[in-house]
Amino acid sequence: HLVDEANVFAARQVIHTSQSKEEIQAREARFRAEHAAAEEMECELFSEREFFAMDGFDLNTTSTFTDFMSTDPPAGP
Numbered sequence: 458h459l460v461d462e463a464n465v466f467a468a469r470q471v472i473h474t475s476q477s478k479e480e481i482q483a484r485e486a487r488f489r490a491e492h493a494a495a496e497e498m499e500c501e502l503f504s505e506r507e508f509f510a511m512d513g514f515d516l517n518t519t520s521t522f523t524d525f526m527s528t529d530p531p532a533g534p
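Add 457 to a position in the sequence shown, counting from 1, and you land on the number used in this note's numbering.
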């Protein structure tokens with residue numbers, strides 16, 4: 458009877474270890490996928506920032522509401 462209990466215990470440990478290993482691998486795969494997506498998004502944002510700053514004038518950093526409001530509006534009809 459004790460041998461059977463030992464075998465059952467050993468089998469449960471193998472199953473638990475296998476499940477834990479699969480969960481860890483799934484978690485690592487999700488992390489790698491999320492990391493790759495974040496890197497891709499960062500590259501896209503960086504290229505867009507370069508696009509908007511192509512003349513050395515970055516509207517996101519050098520233009521303010523006050524600058525915008527203090528200039529004369531374009532002459533219209």
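Beta carbons are placed, not taken as given, at the ideal position from N, Cα and C, and that holds for glycine. Treat the numbers as computed from the prediction; the structure is a model and nothing was measured.
Residues near residue i in its chain [Cβ-Cβ closer than 8 Å; skip 5 each side]
i: Glu480; result: none
i: Ile472; result: none
Reduced DSSP secondary structure (H/G/I, E/B, other) of residue i
i: His492; result: helix
i: His458; result: coil
Beta-carbon contacts of residue i that lie in its chain and below 7 Å, excluding the five residues immediately before and after
i: Asp461; result: none
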